[in-house]
Amino acid sequence: MQEIYWPSVFFLLFSGISCAFAVGVLLSQNIVRMAFYLVLSLAATSGLFFLAGADFVGAMQLMIYVGGTLVLLIFGVMLTSQERFIEMHTWAGDWVKAFLAGGALLFILVSAAFSVPAWQSMDRAEAEAVVASKTVTPLGMGLLGVRVDKPEEPDAARRDGMAGYLFQFEIVSVHLLVVLIGAAYLARAKRKRDLPAVQSDGSQ
Amino acid sequence: MNLTSLIDSLLSDTLQTSLPLFGTELALCGTIVFMLLVRVLKGGQHVPPFLLAMTGAIIALWLALPREGIEAWADLGRQELFTGMLVHDTLTAYLRVFLLSFVVLFLVLAQLTGLADRDDGQDFFTLVLGATLGMCVMVSANHLLTIFLGVEMASVPSYVLVGIVKGRRRSSEAALKYAIYGAGAAGVMLYGISLLAGVLGSAHLPTMAHELAALDIPGQLAAGEGGSTVMVLALGGLMMGVGLAFKLSAVPFHFWCPDVFEGAPAEIGAFLSVASKAAALALLIRVGFGLGYLPEDPAPSLAATQPAAAISMVSTSQIPTSQVAYQSETASIDGSADDPLSPVRNFFVILVAIVAIVSCTFGNLAAYGQTNIKRMLAYSTIAHAGFMMMAVAAAVALIGRDVGHAETALSALLLYLSIYLFMNLGAFAIIAFLRNAMHSEDIKDYAGLIRSCPMTAVMMTMILVSLIGLPPLAGFWPKLRVLQSLYEAGGPLMITVLVAAGMNTAISLVYYLRVVKVMCIDPPSDTQEPPTLGFFSTAYILVVALPVLLFGIMPEKVAEWADLATKNLF
Amino acid sequence: MQNLILANLLTEPIGVAHYVVVSAFMFTCGVLCMATKRNVLGVLMGVELVLNAASINLIAFGSPFLRNDANSLGLDGQLMTLFVIVLAAAEAAVALAIALNFYNNHDSIDVDRADELLG
Amino acid sequence: MDPASNLPMLLMGAWLVPLVSFVLILFFGKHMGSHGKYAGHLATLAIVTSAVLSFTAMFGVWLPSHPLPGAAHHGEEHDGEHAEEGGNLHVSLGTSTAGLETQFTVHPVAFLADDSHAQDDSHEAPNDHAAGEAHGHDAHANNGAPISHSGEWYTICKFGSLKLTIGYYIDSLTVTMFCMVSLIASCVHFYAIGYMHDELHDFTDPEVTMRDGKKLKRPGRFYRFFQYLSLFCFSMFGIVIAGNLAMVFIFWELVGICSYFLIGFYIERKSASTAANKAFIVNRVGDFGMLIGMMALWSSLGTFNFGDTTDAEGKIVERGMFSQLHTEENGYRLQPTESMIAEEKRMCPAHSDSIIESSAESASSDVHAPPKNTAGQWLLFIGGVGVFCGCVGKSAQFPLHVWLPDAMEGPTPVSALVHSATMVAAGVYLVGRFFPVFTPEALLVIAYIGCITLLIAATIAITATDIKRVLAYSTVSQLGYMMLSLGLGGWVAGMFHLITHAFFKGLLFMCSGSVIHGVHTNDMTEMGGLRKKMPITAYTMLAGCLAIIGAGIPLSTIGFSGYYSKDAIIEQAFSFGSQNPGHVILQWAPVVGAFITAFYMFRLWYMTFAGEPRNQHRYDHAHESPKVMTVPLVVLAVFAIGIGWTLPGTNLKVTNLLEQSRPIGTLATSQGTLLPDLVIPDEHLSHEWEIKKPAGIAAFSTAAMGLLLATIIYLWKKLNPDELKQSFKPVHGFLWNKWWFDEIYGALIIAPTMLLARLVSRFDLGIIDAILHGSAAVCKGLSKVVYAVFDRTVVDGMVDGIAGVTWDLGLGLRKIQTGSLRQYIMFIVIGTVVLFIAISVVQNTGLVGSLGTDLTN
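Listed below in structure tokens is the structure:
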């Protein structure tokens, strides 16, 4: 018996938690519980990110996803949390159809996961030799458009393809602006006068 | 290469290459921000938002127009912007002009129908411009993340636009369906993108094409091994295709389309059916050619000096056929016989061709029994998207052996899009004006329209006949050219597509003509007041619909632009 | 050649494939969530799971701890994940606003009530 | 001990003892105690004697004189055993290993099997096998004849060259089958003594109402039941020991007759007599095909014998079917004989010279050249498929599976026997025995029939509520598995499944009998919670269920018996699928089947034993069965769990035993002649880790999912089955009515026959008059018709019709757009999956390649 390789154990732990709570989200009928499970699942996912050496992204995951997106969702839950919406029963036939389709999908995806040779595990010695490097600086530079890992790339064709993310970084801010204006517009309480066509339709 | 040189190259790339070619998008961004600022400023409420948005759109359009005349497109070449995130070539340039012309017309329509009143105008125009920005990103995407970003940027504001009439039940239902379906499709697409990037180790399309070529898929397939990696690639490509198919509303990912079109205001229907479709098709082209074609090293100087092979009927080119033959011969010689990317192309072509056939047929058949005109047009949109996808399939099938013919196929597609713009915008504009006048969108309420608004009825008839694709109206030419490209592509699959396309033209006759019959033959109902349209409305309809007739009689101009836009694309 | 997978997982490093399995599982859960939940917010949670699954993939493909071959996605993976997180947040915000709008109009957040548009 | 003389004696004893018992009971049955009470004991004694003799033959003669091959790979981890096997190989092989390796690499068919395999570890599969061969180290990778003892006891008649004899052909398969049949039959006999005790006095049949409204009362028929059972066992043994095809056919019919008697045991019940008739008639349909096949083979081979006939000095005087078709010169490959080619020569003489030449060439020097004589291949194909037709009938394969579920009308011990050890096993056994004669194309037919059967029957079992009917369809489905496996070249896997299935299915039936005995109903909807009332039945049945779903630890060697055999089948399917991408459905059908099997078996168990009682009255009166019934259950449960295991300390296990009798010339990968793309892979290739791993995982995960789904629905009650029934109403109706098979046969065969009969009778009556009157009317009508029909209907109708069809189609398509958002989302998933599967199929079948040339030419 070989010595236990701790990162793998942690992987099992985190992936187990995130998968288990993902199933929890899926199977639970209670919206409040679902939100809670989702928080735990996403948080465990950030653990997976840390394990893969993506510490900054892991932190972002915790902050934006778990902190931000979920607060938003929970906010929504609270806004609509009347007794009758807490639990909604899904018709059994839908479950079965969903599980059949989902099972097929899962099967295809899992077999895909195992079918690329490059995706198999490294040797233990090889894996232990990998040195953790700081990711924040390269990430920050990458967002500014400078890929500091670019000179290290031996393959010239690949080096050309290493793009900086300045464009996305800038354009996404405009996108967020537009999206927030849109969301604010919809969420604004004031009801608008309807278009003429609406009157015929509004009677329904 | 050290850090300093990296930064230097970034600066020069950004300031000297990227930003000048990125003017249109910058203008859009600027307008969005400026509109927000104006609203915040004191007294800004009194500035009509329409003016701001219109000004911004016109500036953007002006920036998109070729400065040195349209012929300059021929030497535009291909340039990567922002270190490879975007690509700028004639396709980008053409589609930008296309999108922004549409947006200008669309803004006028929205103002005329009163969809954007003074209070909500700010939000509405911001959303429209934001979605347009996303579409501009889509047409020039060169990186998987840009693709996803573009799709999101175009979709998310559209979700809100669909539900722009807040108090309406159907509108909110449509928005919900669109948003959820879109989110699901985007999720699947992102997963596919992650798989592709994971297998190929890059997200930059040309690099991915290099990696694909290095994988030697034909060899692997021939040896019967390594098929598993290929299958993962196929899976990734397929899942990414789901996102594209959602944007294109291709069957079987079209479900949102009829519901959304019916629930949303007609103006938004025009926006989704024209601009969104065009951007999605451009993205499809980007993906298909980005991954399925690896341009030979700087060789194409010979081809660059020669006029592209073009189709005699619509094009202005006078090159003798022998020259075409010569060109195709050279192309087939240097377009190496066992191209490592041919399996990628085959996969793409088969997938697109099948989906195109199904979409086209399904759309046309399902349109039969519709009672709501917007819903009927939604199915018509699905069918037309299928037809346009056929052109993409033909182009990708052709690229392997003959660049010139592939460019012709693409030019057919661009022509289709341009003419489709006028047809669909016109149709939806008429629907919107009639809705304001008679408060109904049911086909049966259009009875007797020929008597109450003869001009509108005639224009609508013209548009519908053009949508069928009957000569001498404009809709005929692009269909003809698509069929021609399919024929040139040859092979059993393409011929099947050709037959399906031809049959669909016949099928579609019925439901379009039914509307015409209701308008022109059926007696008006007693309960319905005869509608009257204002001067501006009628004028707008005329402006939008007359090109359908004009381009039908004289298709050369648009066809020429489309040819120019695709010339030397590769 | 090992036949006891569990023992391997404890003593051998995990690879990209394991991450992909986790993400595939989460993806399926998310999609099924979207397809079965009647509560709009539940559907949105499904969307979050799906996007999260893709993030896991991207991180795994770029991680030096899981693969060190030339084909690694490298920093691109992390950078893309960052944008995915941001875009997911934006999408969630809009979808939530639309859901609230739906709620205002229908007095319900049951997606099965969204059945007026059909045919 | 001399196996050549002892084995036939012992097995003949085992075979004839039931006959003696039958004759005794036939004549003296009535007088053996009241209502023939001791007849049961006599029959049981007889069958136990058979069992003792069989086991003596196995452990006393066969195993000591024919050492087993080194542990084969079934269910074993490949790597760990490898070195040991290698060593084993070098020791036990007299010839040089190097020679074998070169032979292996040059052999064309083996080369075709797996390139890398041949080069990298060339001393794996075939040589392991070679090690197992006790004699006949042939010059090729293909195996020679297995150890067998054949001979003739008695010649019934002789018409010219047509000789009908009572002979024997004994190999390890025969001995194993003897042990299996006798053991299960013994258990069934014991059990039947308890189960049939109602028949020991005057019996009131609750299901038969006389004309006067009273229930039928008749004397008990205890002795007669055992009389039939004995005959049944005798016939079954006869099939197994038979040394030639004609003898098989005789006992084949005898089994059919016995089943007729046994199924129709309650002959007064209409359903029982109908079922018996149905079984008999359907079997005749299959037997007709079998006769054709037999004739085709006999006319070209001139013999019915399986094995070679030798004279006193051991010289071959007449060659049997197997060695004629697999000659040593051909490297034991299947090839049509000269006589078959001669047939072709007679048909088209111009064509045949070259054929003779080429075949002579291929026989002498060039083994690489594929045989070109297609007529011979066709003859073989027809012969094989014909014989298989008989097996289709007997083993209840699609489309002749309709009789088996109705055969439930017989008493439960009969069902147990019919469904596990005898009748249905006979068909599979014959396919296995006759395996060397099937061409790859015939095997493909077998595989597809098995595949269809497996899926159809499994789906029907999902909705059945009669406990025995569920098991009956399960049997049909499992037989499909066996046929599929055999058709894919998995000979050992298929026969192994036959053995394991016999044990656990016998167990399951007897358990269901015990339940029925306890609660007096077949209807599962009236059961529930019986676990507390009848624990032994419940837990033995649980063992049976776990065995049938193939419960085990994936990729290990620990599991219930079904785990080994089902996994072996799925591995073979994967191995086949990897080489024949065009037949990918054959690869996945057993996996899907595993899912459904797990679901319906545990549905059955949960509905019967778990949860709350659904019918309190029945529950209160339920009781555990007497010891005479439960002890056989326990015995069978032990076997159901452990029959797949290796006997500790030895390499004795069923697969090794079966490997010993692997049919001649079936080891190496073979390739179709009529369908050149068809490759039947070598069975040993399926134990490669690359195939074993995905197959094992797929088998386990699908079975686990099925189990889970059943648990969710029927144990945890998270999903309401009634809601499901409602949502899937059309599907449920379809399955509930058994795919409308009976109705289809009614409409397609029975109704036309009746109609024809009626027409014929009418023809007699007034045909002449009708002709006269008719022609006048026709003349008058013609003018009208031309106008009305042609102008109105044809011309207008064509136009309207086409438009109408498109219109209707359009309206129909609208229905897809249901407006349900969740369904739209579901379509994303389904669309993705379906498109992916479509693309994979296209890619695998090489369609992409062909299109590619078209696209880029």
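If you read the sequences in order, they're chains A, B, C and D. Residue numbers for the first sequence follow the working numbering, beginning at 1 and rising by one. Residue numbers for the second sequence follow the working numbering, beginning at 1001 and rising by one. Residue numbers for the third sequence follow the working numbering, beginning at 2001 and rising by one. Residue numbers for the fourth sequence follow the working numbering, beginning at 3001 and rising by one. By construction, the Cβ of each residue, glycine as well, lies at the ideal position given by its N, Cα and C atoms. Quantities reported herein were computed from a predicted structural model and do not represent experimental measurements.
Below 8 Å, can you find three or more Cβ-Cβ pairs linking the segment 3170-3189 of chain D to the segment 3049-3067 of chain D?
yes
What first and last residue would you give for the alpha helix (DSSP H) that runs through V1544(B)?
F1535 to I1553
Say whether the segment 1048-1063 of chain B touches the segment 1077-1095 of chain B, bearing in mind that this needs 3 or more beta-carbon pairs closer than 8 Å, one atom from each stretch.
no
Using 10 angstroms around the beta-carbon of G1043(B), count the other beta-carbons present and answer buried if the total reaches 16, otherwise exposed.
exposed
Check whether the segment 3247-3262 of chain D touches the segment 3275-3295 of chain D, counting contact only when three or more Cβ pairs, one atom from each stretch, lie closer than 8 Å.
yes
Who are the near neighbours of P1523(B) in its chain, counting only those whose CB is closer than 7 Å to its CB and skipping five residues on each side?
A1447 and G1448
Partner residues on chain A for I3830(D), Cβ-Cβ distance less than 8 Å
A101
Output the distance between the C-alpha atoms of G1490(B) and Y3824(D), rounded to the nearest integer angstrom.
35 Å
Mind listing the chain B neighbours of S2072(C)? Cutoff is C-beta to C-beta under 7 Å, in chain order.
G1201
Whether I1268(B) touches I1382(B) by CB criterion (8 Å):
no
If you compare alpha carbons, which of A3145(D), G3529(D) and K3693(D) is closest to R3333(D)?
A3145(D)
Identify every run of the alpha helix (DSSP H) within the segment 1154-1242 of chain B, keeping only runs that are complete inside it and at least 4 residues long; order them along the chain.
1169-1200, 1205-1215 and 1217-1223
Would DSSP call S3150(D) helix, strand or coil?
strand
Do we get a CB-CB distance below 8 Å when we pair A2017(C) with the residues of chain A?
yes
To which residues of the same chain is F3438(D) closer than 6 Å at the C-beta, ignoring the five residues directly before and after it?
G3384
So, does the CB of I2014(C) fall closer than 8 Å to a CB anywhere in chain B?
no
Under the three-state DSSP convention, the category D1442(B) falls into
strand
How about G2042(C): is its C-beta nearer than 8 Å to some C-beta of chain D?
no
The alpha helix (DSSP H) spanning F3028(D) covers which residue range?
P3003 to F3028
Please report the straight-line C-alpha distance between A2088(C) and E3743(D), rounded to a whole angstrom.
55 Å
DSSP three-state label for I3170(D), please.
strand
Indicate whether the contact test is met: 3 or more Cβ pairs, each with one atom in the segment 1469-1482 of chain B and one in the segment 1542-1550 of chain B, closer than 8 Å.
yes
Just checking: is the beta-carbon of D2115(C) within a distance shorter than 8 Å of some beta-carbon in chain A?
no
For the beta strand (DSSP E) holding T3204(D), just list the boundary residues, first then last.
F3203 to T3209
Suppose the cutoff is 6 Å on Cβ atoms and the five residues either side in sequence are ignored; what does the same chain contact list for W3153(D) look like?
I3166
R3218(D) lies in the beta strand (DSSP E); which residues open and close that run?
K3215 to R3218
Give the interface partners of V2031(C) over in chain A, defined as CB-CB distance under 9 Å, in chain order.
A98, A101, G102 and L105
By the three-class DSSP mapping on this structure, what secondary structure does H3583(D) have?
helix
Cutoff 8 Å: D2107(C) Cβ touching any chain D Cβ
no
Determine whether the Cβ of A1309(B) lies closer than 8 Å to any Cβ atom of chain D.
Model confidence at A1309(B) stands at a pLDDT of 39, short of 50, so the residue's coordinates are unreliable; what they give is reported in the following sentence. No - not a single Cβ of chain D is within 8 Å of the one on A1309(B).
Quick one: Cα of I1007(B) to Cα of E1488(B), how far?
48 Å
Please tell me whether C1520(B) and A1457(B) are closer than 8 Å, where the distance is taken between their beta carbons.
yes
Just mark G53(A) as buried or exposed, buried being the case when its beta carbon has 16 or more other beta carbons within 10 Å.
buried
Along the chain, where does the alpha helix (DSSP H) that runs through V3061(D) open and close?
Here V3061(D) belongs to no alpha helix (DSSP H), and DSSP marks it neither H nor E.
Starting from V1087(B), follow the beta strand (DSSP E) in both directions and report where the run begins and ends.
L1086 to H1088
Cβ of V3833(D) within 8 Å of any chain A Cβ
yes
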